[in-house]
Amino acid sequence: MINFQIQNPTEILFGKDQITQLPTKVKEYGTKILLVYGGGSIKGFGLYDKVIELLQAADCEIHELAGVEPNPRLSTVQKGVQICKDNQVELILAVGGGSVIDAAKAVAVGATYDGDVWDFYDKTAVAQSALPLGVILTLAATGSEMNRGSVVTNWELKEKRGAGTTFPSFSILDPTYTYSVPKDQTMYGIVDMMSHVFEQYFSHTEHIQVQTRSCEGLLKTIVEYAPKVLADPEDYDARATIMYAGTVALNGQLTPGVETDWASHAIEHAVSAIYDIPHAGGLAILFPNWMKYVYKENTDRFKRFAVEVWNVDPAGKTDDELALAGIEATRTFFDQIGAPSRLADYDIKNEHLDQMASHATRFGTIGGFKKLEKEDVLQILEMSL
Ligand code: NZQ
Ligand code: ZN
1 MINFQIQNPT EILFGKDQIT QLPTKVKEYG TKILLVYGGG SIKGFGLYDK
51 VIELLQAADC EIHELAGVEP NPRLSTVQKG VQICKDNQVE LILAVGGGSV
101 IDAAKAVAVG ATYDGDVWDF YDKTAVAQSA LPLGVILTLA ATGSEMNRGS
151 VVTNWELKEK RGAGTTFPSF SILDPTYTYS VPKDQTMYGI VDMMSHVFEQ
201 YFSHTEHIQV QTRSCEGLLK TIVEYAPKVL ADPEDYDARA TIMYAGTVAL
251 NGQLTPGVET DWASHAIEHA VSAIYDIPHA GGLAILFPNW MKYVYKENTD
301 RFKRFAVEVW NVDPAGKTDD ELALAGIEAT RTFFDQIGAP SRLADYDIKN
351 EHLDQMASHA TRFGTIGGFK KLEKEDVLQI LEMSL
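This note's numbering puts the last residue of the sequence shown at 385; the count rises by one with no breaks.
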């Protein structure tokens, strides 16, 4: 295990009706609020009205940044930064999924910075301060509710980039708010959280049994509960399990002291910067192909994955057969929950593969498990067509 130091300051308020604590929470940080939300799904199931009612009861001055896009745009973030600066906003409240939260994080760091917020994403500046941020999560997927990552797309440059920004001060996680998430988005969330675990599980670091078992337990739980939420969107216990799984998968506690990978995410960001496809749609296609491309770097890890996560019977199988059976089981599971399997499912052909491979490797090799050069990425993209 590698030496590590971890700290996560986000306060989680988990469970049904935790929103009743919103007025008290808000008052801890200030009452001039920027409410950030997406395309309006929160109005469809009454959450918007509830939030407004509670904020008004707490005598808040409410400003709004509405219409945050899935794969949030820099231009939207810049609008939010301006609203904060013009109105001396004291607290940002994000109500939505990963896109809304990521945009709100960008606004939070941009509002206390004199330059352009994109500086944090193209790594010419590091966020030193931020407005406080509260979150009300409506979609289980990214883990953004309990980490400091934020991913924003600069549409003019065709660049989708992540940055370390700011942790939410508090996040309200009420599983009933995810009842209305459509089947495809529920599936995408499941693929995304599983992918976050994969990025951390496939590692060469040794003596990481706590982290390894935690990853395997989390993956098995997601695999067990995914069919339940897909079959019955209002199964509270299943929604709660999947919601908490998404948070645990990427809140920094799962694999401290482990060298992680993240190449598949880098490749996916390069794809969705050009094609604007759902993040996890890209991951569902790319991840099994990445696995096939890299497994020989550490076949033992992939054998273990097959046996421990997918219950593959090792009897009579060679090392390669066992490793490949685990990868096949991953693909089969993604197929069963309705995830896409080829770039062609999004009408993506081979015309921009070179551009995407260059983009993914523009700062050098990617991935901790196998260091991928542009040519490697190109091959994984070709396998994914
Ligand atoms: O726009 P609204 O109306 O909110 O609708 C959204 C959107 O259309 C809808 N939705 C959300 N909650 C709903 C709902 N529909 C009905 N009922 C509800 N309760 O779902 C659609 C997708 O929302 P989005 O926020 O885009 O999804 P997700 O949470 O998957 O976030 C994806 C973004 O997060 C980034 C991705 O790259 C992508 O931009 N990521 C962020 C990470 C992080 N900050 O740590 C890590 C991830 O790996 C990922 O890269
Ligand atoms: Zn992801």
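For every residue, glycine included, the Cβ atom is placed at its ideal position computed from N, Cα and C.
Residues of its chain near residue i, where Cβ-Cβ distance is below 7 angstroms and the 5 sequence neighbours each way are ignored
i: residue 209; result: none
i: residue 158; result: 273, 274
i: residue 357; result: 374, 377, 378, 381
i: residue 81; result: 107, 110, 111, 117
i: residue 104; result: 36, 92, 94, 133
i: residue 333; result: 223
i: residue 286; result: 264, 267, 268, 380, 384
i: residue 206; result: none
i: residue 84; result: 34, 107, 111, 131
i: residue 86; result: none
i: residue 360; result: 266, 267, 270, 366, 377
i: residue 221; result: 241, 245
i: residue 192; result: 141, 142, 279, 280, 283
Nearest-angstrom Cβ-Cβ length linking residue i and residue j, presumed shorter than 8 angstroms
i: residue 141; j: residue 246; result: 6 angstroms
i: residue 295; j: residue 327; result: 7 angstroms
i: residue 163; j: residue 121; result: 5 angstroms
i: residue 143; j: residue 249; result: 6 angstroms
i: residue 58; j: residue 31; result: 6 angstroms
i: residue 65; j: residue 43; result: Between residue 43 and residue 65 the Cβ distance is about 15 angstroms, and since that is not below 8 angstroms, they are no contact.
i: residue 277; j: residue 188; result: The pair is not a contact, with the Cβ atoms about 10 angstroms apart (cut-off 8 angstroms).
i: residue 70; j: residue 99; result: 5 angstroms
Cβ-Cβ distance between residue i and residue j below 9 angstroms
i: residue 148; j: residue 165; result: yes
i: residue 68; j: residue 38; result: yes
i: residue 186; j: residue 16; result: no
i: residue 129; j: residue 146; result: no
i: residue 153; j: residue 97; result: no
i: residue 203; j: residue 255; result: yes
i: residue 12; j: residue 50; result: no
i: residue 322; j: residue 344; result: no
i: residue 219; j: residue 312; result: no
i: residue 261; j: residue 369; result: yes
i: residue 136; j: residue 22; result: yes
i: residue 280; j: residue 190; result: yes
i: residue 318; j: residue 243; result: no
i: residue 230; j: residue 14; result: no
i: residue 167; j: residue 8; result: yes
i: residue 252; j: residue 52; result: no
i: residue 169; j: residue 29; result: yes
i: residue 155; j: residue 239; result: no
Beta-carbon proximity list for residue i, same chain, < 8 angstroms, skipping 5 on both sides
i: residue 387; result: The first residue shown for the chain is 1 and the last is 385, placing residue 387 beyond what the model contains.
i: residue 258; result: 1, 2, 200, 203, 205, 208, 211
i: residue 215; result: 197, 200, 201, 254, 255
i: residue 75; result: 155
i: residue 290; result: 263, 264, 267, 380
i: residue 314; result: 303, 306, 307, 322
Cβ-based neighbour list, residue i, same chain, cut-off 6 angstroms, excluding 5 preceding and 5 following
i: residue 263; result: 366, 367, 372
i: residue 331; result: 288
i: residue 235; result: 228
i: residue 232; result: none
i: residue 271; result: 282, 356
i: residue 352; result: 274
i: residue 150; result: 102, 105, 106, 163, 165
i: residue 195; result: 283, 287
i: residue 325; result: 306, 312
i: residue 127; result: 109, 120, 165
i: residue 329; result: 310
beta-carbon residue i near ligand 4 non-hydrogen atom, thresh 8 angstroms
i: residue 269; result: Among the ligands in the structure shown, ligand 4 does not appear; only ligand 1 and ligand 2 can be found there.
Which runs of the beta strand (DSSP E), 3 residues or longer, sit entirely within the stretch 36-74? Within the stretch 36-74, the complete beta strand (DSSP E) runs of at least 3 residues fall at 61-65.
Closer than 7 angstroms from C-beta to any heavy atom of ligand 2: which residues, in chain order? 142, 192, 195, 196, 265, 279, 280, 283
If you scan the stretch 80-118 from start to end, which runs of the alpha helix (DSSP H) of 4 or more residues do you find wholly inside it? 98-110
Jot down the residue ranges of each uninterrupted beta strand (DSSP E) in the stretch 199-241, minimum 3 residues, whole runs only, in chain order. Runs found: none.
Taking the runs of the beta strand (DSSP E) that are 3 residues or longer, which of them lie wholly in the stretch 124-196? 133-137, 149-154, 159-164, 170-173
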